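Enquirer:
Chains as they are written, first to last, in the numbering used here: chain A, 1 to 204; chain B, 1001 to 1204; chain C, 2001 to 2204; chain D, 3001 to 3204.
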């Protein structure tokens, strides 16, 4: 049975939970005939990408999907591209705060996700989940994980497809945020991630 | 058994359903010892307020809550005030489009909701539903319903408390709207409305 | 020569200047044949309204326009209505922070501006200044000033017309605020305020 | 005397003017000892990039800055990266509407701007112009111009530095757009572009 590796993040910034891990943790064991392997990774420029790469080595998945949270977004957003750049506005969970720096000295400027992000967003919408392709994963740990994984898979000539999906704030979080802050229940995010993964599994 | 009258709106603007009615229609029969009476009202400056007032006459409720949709909002928002004014950007379901006009010639400029909106918003938040008091119900049919009901109850020296709650777009709607459009599942709106009504029932 | 009284606010919240006063201070001495009297008023629930009323007593203007700032707004917004309510998220410049309280015990719930706000917004647009009528002046000092002035003028059966206009953040402020914060140069706000006052002067 | 090539766009989408060209056309003849060459380019996936490359061939500039408009943005935003991808929501001025397609078959996925975008944004802020680095130039003609120019310069091993800056809607445009649409006068955009170019000229 082929495997899907899906990662979410540990709590961050004083929060007790991280919706990205809540949604990943709630995934079914099997999606479209693929075994789902879950991994909770740290919000760390150094240890985050390493944790995903270690899990890829161990599990040899055919699909890798990392899930993170982008507060302020209203939809589930598959990321189109990861960039070889870090610029942190706040320290990560290790206290590191890289500024205006290249992630990997000898890697290209950016790499496109190898998941069918456009079709995945459409599959989510078809399932009733607000979704849209995003063209920037930011310059924080989420982007670092995306770029590092894409670059490592490309360098090793792996056939695994990889990508990243950002989810909105949860309603619990939005309760304590400004009036205009959008949110989405974890159950709806989950439906979106499952629909996106089913799409990715059946792709070419 | 005292009664709560809760109204939602008919579909509008070519939509097949109106989340405001979906949520009202899903309410339990009894909330905090009050019988819940549901009424679906038209998106009409003339027939909308009339339908609520007719139901109030018929049912003699102690609490009246009208629910409508405010596309673009991210939270469930109890309205603080209705104003004696109509200014329609688009025609209502009767083709009427009042512009810059007073709703009721001899009524005051505005009336505050007689429901405990602040406490209701807090009760919704305590239940995990993003909510906030809103200080403008707009100038369309929603506001016309709110103001007309408040004015009629004040004029008749009724002891019934009345108010209005706006809900966001549903996820189904947001799927076809811009990337930044917030949404909320009807089930979560429902939890908010129920928590708000429980609060109103136990108030003073 | 008839008079226009225009007020702006003192600096607030640690800022060195307040764009509302900058724009008021830059007004010409005469607009549409009316002498322009400027007044800088404190960001205080108690002293702000009092300062405007004192100036009205002293100057006997036929038009009163108070100008304040609403950070986050993108346009110049004449306010349609002031409400008899205060709910302060942060203390004013006197350290007062009224919460969920009526401003004036024996006054009505709200009063509409007696300036032609719709025509004024259109006059601003005609002059190339982004503008729109607003239906909520909030629940802070700006609204308290608006409501108190409207109520005092109504109580004294004055023929003076009064109202409030909110202006956006200035570019200098926006430089230090989030990427999505709109701004408007004081010179453009000024053009808007002048066009709005010309409209008000020529009104019925 | 070294040259700066600055491009703006022709009117688009039925508009009579394009603020991006208005601002470019208003630039001084000399900035920081560099001669400023202006070029107005078409909103065309095919002819837009070609026009910039032809001007580069003709003028041999040491700095290339393309300016475009991103309606909805509140700040002047130097773009960090161009991506090798086109996905047009509406047809360009030639009626072309590429969808989900690579711009250049043999080019990398993306290229970083070779202008000092971070320092340029700071220089704009220091000049009082709201500015921020943007990490997505979208998937329309603006991005196509940016990526194509960066790729051509890299392929030819040119030492010219190149980049793109998006400007907000002008106030004239915002007058006819939704209440929340931010805008910026062309004169302020101009100050930002000049400050950004001065920064780029003095860079390394």
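Yeah, the Cβ is synthetic: ideal placement off N, Cα and C, and Gly gets one too.
Computed from a predicted model, the values in this text were never measured in an experiment.
1. Which runs of the alpha helix (DSSP H) spanning at least 4 residues fall entirely within the region 1046 to 1092 of chain B, listed in chain order?
2. Between residue 2086(C) and residue 2139(C), how many whole angstroms is the CB-CB distance? I'm expecting something under 8 angstroms.
3. With a CB to CB cut of under 7 angstroms and the five nearest residues on each side skipped, what residues in its chain are close to residue 2135(C)?
4. My parser needs the alpha helix (DSSP H) runs of 4 or more residues fully inside the region 2155 to 2201 of chain C; what are they?
5. Who are the Cβ neighbours of residue 3123(D) in its own chain at under 8 angstroms, not counting the five residues just before and after it?
6. So, is residue 1057(B) buried or exposed, given that buried needs 16 or more other C-beta atoms within 10 angstroms?
7. Just to confirm my understanding: we take residue 2002(C), look at its own chain, exclude 5 residues before and 5 after, and list those with CB closer than 6 angstroms. What are they?
8. Hey, would you say residue 1075(B) sits closer than 7 angstroms to residue 1132(B), going by beta carbons?
9. Apart from the five residues just before and just after residue 2202(C), which ones in its own chain have a Cβ nearer than 7 angstroms to its Cβ?
10. CB-CB under 8 angstroms to residue 2190(C), same chain, minus the five flanking residues each way: which ones, in chain order?
11. What does residue 3008(D) pair with, by DSSP beta-bridge criteria?
12. When the Cα atoms are used, what is the spatial distance from residue 2092(C) to residue 2010(C)?
13. Where does residue 1029(B) fall in DSSP's three states?
14. Can you tell me which of the three DSSP states residue 148(A) falls into?
15. Taking residue 3192(D) as the reference, which of 3089(D), 3015(D), 3112(D) and 3078(D) has the closest Cα?
16. Going along chain D in order, which residues have a C-beta closer than 9 angstroms to the C-beta of residue 2027(C)?
17. Quick one: using the 10 Å Cβ neighbour count with 16 as the cut-off for buried, is residue 3044(D) buried or exposed?
18. Chain D beta carbons: is any one of them nearer than 7 angstroms to that of residue 2079(C)?
19. Which two residues bound the contiguous beta strand (DSSP E) that contains residue 2110(C)?
20. If I measure Cβ to Cβ from residue 52(A) and keep anything under 8 angstroms in the same chain, skipping five residues before and after, which residues do I get?
21. Using the Cα positions of residue 2089(C) and residue 2141(C), report the straight-line distance between them to the nearest angstrom.
22. What's the call for residue 1015(B), buried or exposed, on a 16-neighbour Cβ count within 10 Å?
23. Which residue marks the beginning of the alpha helix (DSSP H) containing residue 122(A), and which one marks its end?
24. Quick check: what's the CA-CA separation for residue 3055(D) versus residue 83(A)?
25. Anything in chain D within Cβ reach of residue 83(A), meaning under 9 angstroms, just list it in chain order.
26. May I have the straight-line CA-CA distance separating residue 154(A) from residue 112(A), to the nearest angstrom?
27. Whose CA, out of 168(A), 128(A) and 151(A), lies closest to the CA of residue 159(A)?
28. For the putative contact between residue 116(A) and residue 1130(B), defined by C-beta atoms under 8 angstroms, what is the C-beta separation to the nearest angstrom?
29. State the beta-bridge partners of residue 3016(D) as determined by DSSP.
30. Given this structure, state the Cα-to-Cα distance separating residue 3095(D) from residue 3137(D), to the nearest angstrom.
31. Is the shortest distance between the beta-carbon of residue 3161(D) and the beta-carbons of chain A less than 7 angstroms?
32. Can you name the residues of chain C whose CB is closer than 9 angstroms to the CB of residue 1138(B)?
33. Less than 7 angstroms between C-beta atoms, sequence neighbours within five positions excluded: which residues of the same chain meet that for residue 12(A)?
34. Between the beta-carbon of residue 3118(D) and the beta-carbon of residue 100(A), is there less than 7 angstroms?
35. Give me the Cα-Cα distance between residue 3109(D) and residue 2070(C), rounded to the nearest whole angstrom.
Expert: To lay it out plainly:
1. Segments of the alpha helix (DSSP H) lying fully in the region 1046 to 1092 of chain B: 1047 to 1059.
2. Cβ atoms of residue 2086(C) and residue 2139(C) come within 8 angstroms of each other, at about 6 angstroms.
3. Correct list, in chain order: 2080 and 2081.
4. Listed in chain order, they are 2171 to 2174 and 2186 to 2201.
5. Beyond the five residues adjoining it in sequence on each side, residue 3123(D) comes within less than 8 angstroms, by CB distance, of 3195, 3196, 3198 and 3199 in the same chain, given in chain order.
6. Exposed, because fewer than 16 other Cβ atoms sit within 10 Å of the Cβ of residue 1057(B).
7. If you ignore the 5 residues before and after residue 2002(C), its C-beta comes within less than 6 angstroms of the C-beta of 2034 and 2062, all in its own chain and listed in chain order.
8. For residue 1075(B) and residue 1132(B), yes; Cβs fall inside 7 angstroms.
9. So the qualifying residues of the chain are 2032.
10. The residues are 2023, 2026 and 2027.
11. In DSSP, residue 3008(D) forms a bridge with 3040(D).
12. The straight-line gap separating the alpha-carbon atoms of residue 2092(C) and residue 2010(C) is approximately 11 angstroms.
13. In the structure shown, residue 1029(B) adopts coil according to DSSP, grouped into three states.
14. Helix.
15. Of all alpha-carbon atoms in 3089(D), 3015(D), 3112(D) and 3078(D), the one lying nearest the alpha-carbon of residue 3192(D) is that of 3078(D).
16. Simply none; closest approach about 19 angstroms.
17. Label assigned to residue 3044(D): buried.
18. Taking Cβ atoms only, chain D never reaches closer than 7 angstroms to residue 2079(C), which makes this a no.
19. Per DSSP, residue 2110(C) belongs to the beta strand (DSSP E) from 2110 to 2112.
20. Non-local C-beta neighbours of residue 52(A) in its own chain, meaning closer than 8 angstroms and more than five positions away in sequence, comprise 5, 7, 39, 41, 64, 66, 145, 148 and 149, ordered along the chain.
21. Here the alpha carbons of residue 2141(C) and residue 2089(C) stand approximately 11 angstroms from one another.
22. Within a 10 Å sphere around the beta-carbon of residue 1015(B) sit fewer than 16 other beta-carbons, which makes this residue exposed.
23. Start and end: 117 to 126.
24. Near 29 angstroms, if we compare the C-alpha coordinates of residue 83(A) and residue 3055(D).
25. Contact of residue 83(A) with chain D by beta-carbon distance below 9 angstroms involves 3080, 3081, 3110, 3112 and 3135.
26. Distance between the alpha carbons of residue 154(A) and residue 112(A) is about 11 angstroms.
27. The residue from 168(A), 128(A) and 151(A) with its alpha-carbon nearest to that of residue 159(A) is 151(A).
28. The pair is not a contact, with the Cβ atoms about 32 angstroms apart (cut-off 8 angstroms).
29. Bridge pairing for residue 3016(D): absent [DSSP].
30. Near 21 angstroms, if we compare the C-alpha coordinates of residue 3137(D) and residue 3095(D).
31. Output row for residue 3161(D): interface = no.
32. Result: 2135.
33. So the list reads 18, 43 and 93, once near-sequence residues are dropped.
34. Yes.
35. Between the alpha carbons of residue 3109(D) and residue 2070(C) lies a distance of about 43 angstroms.
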